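Take the sequence shown: its position 194, counting from 1, is numbered 194 in the UniProt record's numbering, and each next residue is one higher. Below is one structure, written out as structure tokens, with a few remarks after it.
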Amino acid sequence: MLTRRHIRIKVLQSLYGLSQGPDADLRLALKELDKNLDRIYELYLYELRIFIEMHRLAEERIEKNRNKFRPTEEDLKPNMKFVNNRVLRALANNAPLQREFEDHKVHWGENREILQKIFTNFRESETFERYMNSGKDSLKEDKQLLKIFYAEFLTNNETMHQLYEDISMHWADDLDAAQMFVVKTFKSFQEVDGVVFSKISLNSEADPKSAADLPDGYDLSSAKLTVSLFKDDDDAEFGELLLRHTVNEGDENEKLISSKTRNWDTDRIAAIDILLMKMAISEMMHFDQIPVKVTLNEYIDLSKEYSTPKSGQFINGILDKLVLQLKDEKKIVKVGRGLM
1 MLTRRHIRIK VLQSLYGLSQ GPDADLRLAL KELDKNLDRI YELYLYELRI
51 FIEMHRLAEE RIEKNRNKFR PTEEDLKPNM KFVNNRVLRA LANNAPLQRE
101 FEDHKVHWGE NREILQKIFT NFRESETFER YMNSGKDSLK EDKQLLKIFY
151 AEFLTNNETM HQLYEDISMH WADDLDAAQM FVVKTFKSFQ EVDGVVFSKI
201 SLNSEADPKS AADLPDGYDL SSAKLTVSLF KDDDDAEFGE LLLRHTVNEG
251 DENEKLISSK TRNWDTDRIA AIDILLMKMA ISEMMHFDQI PVKVTLNEYI
301 DLSKEYSTPK SGQFINGILD KLVLQLKDEK KIVKVGRGLM
């Protein structure tokens, strides 16, 4: 699930796009926010599809070797352990996941050669060889192989990173979230009485103790395997509400900021800094269960990443003054102990 930090970043990107457009309005900003959030899910699907493509490449290689003019005994009786990997088979044979690929137009197409090179490097690695010849056969080992492959061959692959940036300028910011979703997807696979299932597809948090504890007629090929973008309804609403408040109170919040920056040339204050402070003010005033300190720290950190090197210190100073004023005016009211 997305963290509040990820959601704030998507709101910031939507607001920045709004500020750059001649015909910008709240409706367009909300639409852009939905697109920005959906792109994270789309990137997650691209990452999952890599594993299915690896599975297909392995199957294609086996079939090609079998059809050689003079196949060897190894060609005719290949080691099937990788293509029988439980997680890979679950992903490859899952109908809802295939529909998601179609709905989001997720395919590797002309870039499949890149995946071929990655798979070849992986297939020639000691990790792959140990797995194929371990003499063991378990879901745990299947998951461990994919975990190592993901960490060592994909997560920090510069070619893949560049490819993603070419597809979407924001995916560099989204990759850590998408990768977190992939890891959660793999962790969700469990096995009981020889039956592989995904915790994601179960309504209960309790681990089944036997196959009888699984839902009647449970079928992994038709079960939900993908994680949800949001942890709960509060997180799902957080981004939209934050954007609405920030846009609707934009002029008022800008006056508040101006009142604390009279010694500054407002034209020299970075546009991102203004947006971050507007967001922070709206968040402190309207989200009564988020501690003020958490909000301040979040926006100071975002300024360091998305604005100038000195922005964090600048924003901290302005927001500290505004917090004191807004508390005195009873415009910042928090619910619960220790939230102020």
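No residue lacks a Cβ here, since even glycine has one placed at the ideal position from N, Cα and C. These figures come from a predicted structure and were not determined experimentally.
Tell me S198's beta-bridge partners as DSSP assigns them.
As a first step, residue 198 must be located in the sequence shown, where it is residue number 198. Looking at the DSSP assignment, S198 forms a beta bridge with F189.
Tell me the DSSP secondary structure of K231 in three-state form.
Sequence index remark: in the sequence shown, residue 231 carries index 231 (1-based). Coil, per DSSP.
Going by the CB atoms, is the gap between I281 and I300 shorter than 7 Å?
For the purposes of this step, residue 300 is taken as the residue at position 300 of the sequence shown. For the purposes of this step, residue 281 is taken as the residue at position 281 of the sequence shown. Against a cut-off of 7 Å, the Cβ pair of I281 and I300 comes out as no contact.
In terms of alpha-carbon separation, which member of L214, L15 and S210 lies closest to I200?
The residue you call residue 200 lines up with position 200 of the sequence shown. Out of L214, L15 and S210, L214 has the C-alpha closest to the C-alpha of I200.
Have a look at I167 and D174 and give me their C-alpha separation to the nearest angstrom.
The residue labelled residue 167 in the question sits at position 167 within the sequence shown. The residue labelled residue 174 in the question sits at position 174 within the sequence shown. Answer to the nearest angstrom: the Cα atoms are 12 Å apart.
Could you compute how far the alpha carbon of S258 sits from the alpha carbon of F197?
Here residue 258 refers to the residue found at position 258 when the sequence shown is read from its first residue. Here residue 197 refers to the residue found at position 197 when the sequence shown is read from its first residue. Distance between the alpha carbons of S258 and F197: 57 Å.
In whole angstroms, give me the CA-to-CA distance for M1 and K224.
Residue mapping note: residue 1 aligns to position 1 of the sequence shown, counting from 1. Residue mapping note: residue 224 aligns to position 224 of the sequence shown, counting from 1. Distance between the alpha carbons of M1 and K224 is about 15 Å.
Evaluate Q162 with the Cβ neighbour count: other Cβ atoms within 10 Å of its Cβ, from every protein chain shown; 16 or more gives buried, anything less gives exposed.
The residue labelled residue 162 in the question sits at position 162 within the sequence shown. It is exposed - the Cβ of Q162 has fewer than 16 other Cβ atoms within 10 Å.
Stretch pair the segment 53-67 + the segment 115-128: three plus CB contacts closer than 8 Å
yes
Identity of the residue in R27, R89 and S221 nearest E59 by Cα
Translated into the one-based positions of the sequence shown, residue 59 becomes position 59. Ranking R27, R89 and S221 by Cα distance to E59 puts R89 first.
If you check the beta carbons only, do K42 and H107 fall under 7 Å apart?
In the sequence shown, the residue the question calls residue 42 occupies position 42. In the sequence shown, the residue the question calls residue 107 occupies position 107. The residue asked about is misnamed: residue 42 is Glu in this sequence, not Lys. Not a contact, by the Cβ cut-off of 7 Å.
Endpoints, alpha helix (DSSP H) assigned at G317
Your numbering for residue 317 matches position 317 in the sequence shown. Note, G317: alpha helix (DSSP H), S311 to D328.
For my contact list, I318 and T261 are in at a C-beta cut-off of 8 Å; report their separation, rounded to the angstrom.
Residue 318 sits at position 318 when you count from the first residue of the sequence shown. Residue 261 sits at position 261 when you count from the first residue of the sequence shown. Separation of the CB atoms of I318 and T261 is rounded to 6 Å, and the pair is thereby assigned contact status at 8 Å.
Quick check: what's the CA-CA separation for L37 versus R70?
Numbered from 1 along the sequence shown, position 37 holds the residue referred to as residue 37. Numbered from 1 along the sequence shown, position 70 holds the residue referred to as residue 70. Straight-line Cα distance between these residues: approximately 52 Å.
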